[in-house]
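Trainee: Let me begin by handing over the structure; questions about it come next.
In UniProt numbering, the protein residues as written are 1 to 321.
Below, the structure is given as structure tokens:
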């Protein structure tokens with residue numbers, strides 16, 4: 001077994017993991033529910049493994065790539081909100097589903113999108129450099145978008161603290177740890193061996209995240225599935241159309257293939273795990289179903305990402321210099 005072999009077979013590994021997680025969560029629901037406490041640590045470990053593979057000295061280049069940033073912001077904060085508005089019009093009479101869908105679909109991912117971008121042959125360094133900008137703008141714009149799209153339901157209060165906490169735990173801490181590891185590895189053979197060993201772990205840690213998230217949440221989705229039926233077409237529509245918005249934005253700015261794929265993955269990947277605490281903080285009458293709607297989007301998206309990592313590299317291959 002080599003690293004190349006492991007990466008080559010990652011898609012079957014992830015599909016098997018999803019099936020095992022579904023089976024575990026349904027057959028042992030009490031144990032599955034207990035996995036929920038491991039979601040944040042599992043993602044943090046995944047991000048540490050991913051950050052160790054990224055040459056941080058080149059990150060300054062990301063913010064200096066004006067065309068990339070322009071395409072990324074156009075996709076995530078203009079084109080995607082317009083898409084979400086159109087897709088959710090049919091949920092106007094179901095406020096709990098509408099709030100849950102808007103929370104998750106209006107917020108671009110700031111953590112494992114870097115991993116999927118890397119796996120999908122996109123420019124993960126540019127994606128990583130852009131995450132603070134994505135976080136700040138979604139904090140500022142989410143209340144505005146909710147006010148515009150919820151109408152009479154716009155009195156919902158959104159607390160920024162879960163976003164900031166998630167950013168620190170899932171981005172800052174793993175990133176600092178990875179940079180420190182890389183720095184020390186240049187001077188220590190032991191740490192260098194540690195660094196080399198972690199190069200094998202992005203695929204296994206991604207499988208771990210899939211297992212923890214799906215295994216801990218699948219019972220809630222099954223329990224409320226009949227109530228969630230109206231939101232499923234919304235998520236499927238987003239799954240199909242969001243990559244096109246990212247690809248369109250990238251083409252408008254004539255991006256090369258790797259940055260274009262990064263924009264495409266960013267437009268398609270949402271902040272589902274980070275906004276879950278926001279859904280759980282909603283008023284009691286909408287809280288439970290809204291949170292389950294967020295969880296359902298997580299499951300749909302994770303399956304979609306397994307498809308994206310194969311299709312996006314093949315479909316997004318042209319661009320400017």
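Glycine is no exception: its CB is placed at the ideal position from the N, C-alpha and C atoms.
Within 10 angstroms of the Cβ of residue 5, are there 16 or more other Cβ atoms? Answer buried if so, exposed if not.
Mentor: Translated into the one-based positions of the chain shown, residue 5 becomes position 5. Exposed: under 16 other Cβ atoms inside 10 Å.
Trainee: Return the Cβ separation of residue 249 and residue 130 in integer angstroms, given the expectation that the two are a contact with Cβ distance under 8 Å.
Mentor: In the chain shown, residue 249 corresponds to position 249, counting from 1. In the chain shown, residue 130 corresponds to position 130, counting from 1. Not quite, the Cβ-Cβ distance comes to about 13 Å (not below 8 Å), so this is no contact.
Trainee: For the alpha helix (DSSP H) containing residue 15, name the first residue and the last one.
Mentor: For the purposes of this step, residue 15 is taken as residue 15 along the chain shown, with counting starting at 1. Looking at the DSSP string, the run of the alpha helix (DSSP H) that includes residue 15 is 10-27.
Trainee: Within its chain, find whatever has a CB closer than 6 Å to the CB of residue 312; leave out the 5 residues flanking it on each side and keep chain order.
Mentor: Sequence index remark: in the chain shown, residue 312 carries index 312 (1-based). Correct list, in chain order: 120, 261 and 264.
Trainee: Taking DSSP as the reference, what is the three-state secondary structure of residue 287?
Mentor: Working through the chain shown from its first residue, we reach residue 287 at position 287. DSSP places residue 287 in helix when its eight states are reduced to three.
Trainee: So, residue 231 versus residue 91, is the Cβ gap smaller than 8 Å?
Mentor: For this step, residue 231 is matched to residue 231 along the chain shown. For this step, residue 91 is matched to residue 91 along the chain shown. For residue 231 and residue 91, yes; Cβs fall inside 8 Å.
Trainee: Here's a check: name, in chain order, each residue in its chain whose Cβ is nearer than 8 Å to the Cβ of residue 199, leaving out the five neighbours to either side.
Mentor: Taking the first residue of the chain shown as position 1, residue 199 is located at position 199. Counting only Cβ-Cβ distances below 8 Å, and skipping sequence neighbours, we find 3, 52 and 53.
Trainee: Tell me which residues share the same chain as residue 235 and place their Cβ nearer than 6 Å to its Cβ, disregarding the 5 neighbours each side in the sequence.
Mentor: Start at 1 with the first residue of the chain shown, and residue 235 comes out as number 235. 297 and 300, listed in sequence order.
Trainee: Under DSSP, the alpha helix (DSSP H) around residue 133 begins and ends at which residues?
Mentor: Residue 133 sits at position 133 when you count from the first residue of the chain shown. Counting along the chain, the alpha helix (DSSP H) containing residue 133 begins and ends at 124-150.
Trainee: How long is the line joining the alpha carbons of residue 276 and residue 143, rounded to whole angstroms?
Mentor: Within the chain shown, the letter at position 276 stands for residue 276. Within the chain shown, the letter at position 143 stands for residue 143. Straight-line Cα distance between these residues: approximately 16 Å.
Trainee: Does the count of Cβ pairs from the stretch 25-35 and the stretch 181-193 closer than 8 Å reach three?
Mentor: Result no; under three Cβ-Cβ pairs closer than 8 Å.
Trainee: With distance defined between alpha-carbon atoms, name the residue in 167, 251 and 257 nearest to residue 108.
Mentor: Taking the first residue of the chain shown as 1, we reach residue 108 at position 108. Taking only the C-alpha atoms, the option nearest residue 108 is 167.
Trainee: What's the gap between the Cα of residue 320 and the Cα of residue 197?
Mentor: What you label residue 320 is simply residue 320 of the chain shown in a count that begins at 1. What you label residue 197 is simply residue 197 of the chain shown in a count that begins at 1. Residue placement at residue 320 is poorly supported in this model, since its pLDDT is 44, which falls under 50; the coordinates still yield a value, given next. Approximately 37 Å between the Cα atoms of the pair.
Trainee: With residue 198 as the anchor, note down where its alpha helix (DSSP H) starts and where it stops.
Mentor: Taking the chain shown and counting its residues from 1, the one referred to as residue 198 is at position 198. That run of the alpha helix (DSSP H) goes 189-198.
Trainee: Along the alpha helix (DSSP H) that carries residue 259, what are the first and last residues, could you check?
Mentor: Within the chain shown, numbered from 1, the residue matching residue 259 stands at position 259. Start and end: 257-268.
Trainee: Below 6 Å CB to CB, which residues in the same chain sit around residue 242 once its five sequence neighbours on both sides are set aside?
Mentor: In the chain shown, residue 242 corresponds to position 242, counting from 1. For residue 242, where only same-chain residues beyond five positions count, the Cβ hits under 6 Å are 267 and 268.
Trainee: Between residue 10 and residue 127, what straight-line distance do the alpha-carbon atoms span, to the nearest angstrom?
Mentor: What you label residue 10 is simply residue 10 of the chain shown in a count that begins at 1. What you label residue 127 is simply residue 127 of the chain shown in a count that begins at 1. Cα-Cα distance, rounded: 21 Å.
Trainee: My understanding is that residue 327 touches residue 14, with C-beta atoms under 8 Å, so please give their C-beta distance in whole angstroms.
Mentor: The question about residue 327 has no answer, for the chain in this structure spans 1 to 321.
Trainee: Please work out which residues of its chain come closer than 6 Å, Cβ to Cβ, to residue 85, disregarding the five sequence neighbours upstream and downstream, and give them in chain order.
Mentor: Walking along the chain shown from the start, residue 85 turns up at place 85. Correct list, in chain order: 149.
Trainee: Closest by CA to residue 141, which one among 117, 174 and 106?
Mentor: Counted from its first residue, the chain shown places residue 141 at position 141. When only C-alpha atoms are compared, the closest one is 106.
Trainee: Assess, as a yes-or-no matter, whether the stretch 94-106 is touched by the stretch 281-294 under the definition of 3 or more beta carbon pairs within less than 8 Å.
Mentor: Yes, since at least three Cβ pairs between the stretch 281-294 and the stretch 94-106 fall closer than 8 Å, the two stretches touch.
Trainee: Let's test the definition: count the other Cβ atoms within 10 Å of the Cβ of residue 314 and tell me whether it reaches 16, buried, or not, exposed.
Mentor: Within the chain shown, residue 314 is the residue found at index 314, counting from 1. When all chains shown are included, residue 314 counts as exposed.
Trainee: How many whole angstroms separate the CB atoms of residue 111 and residue 258, which I take to be in contact at a CB cut-off of 8 Å?
Mentor: As a working mapping, residue 111 is identified with position 111 in the chain shown. As a working mapping, residue 258 is identified with position 258 in the chain shown. The Cβ separation is near 20 Å, so there is no contact.
Trainee: If contact is defined by three or more beta carbon pairs under 8 Å, each pair taking one atom from either stretch, is the stretch 210-219 in contact with the stretch 16-26?
Mentor: Taking 8 Å as the limit for Cβ pairs, the verdict is that the stretch 210-219 does touch the stretch 16-26.
Trainee: How would you call residue 34, buried or exposed, if buried means at least 16 neighbouring beta carbons within 10 angstroms?
Mentor: Position 34 of the chain shown, counting from 1, holds the residue named residue 34. Flag for residue 34 reads exposed.
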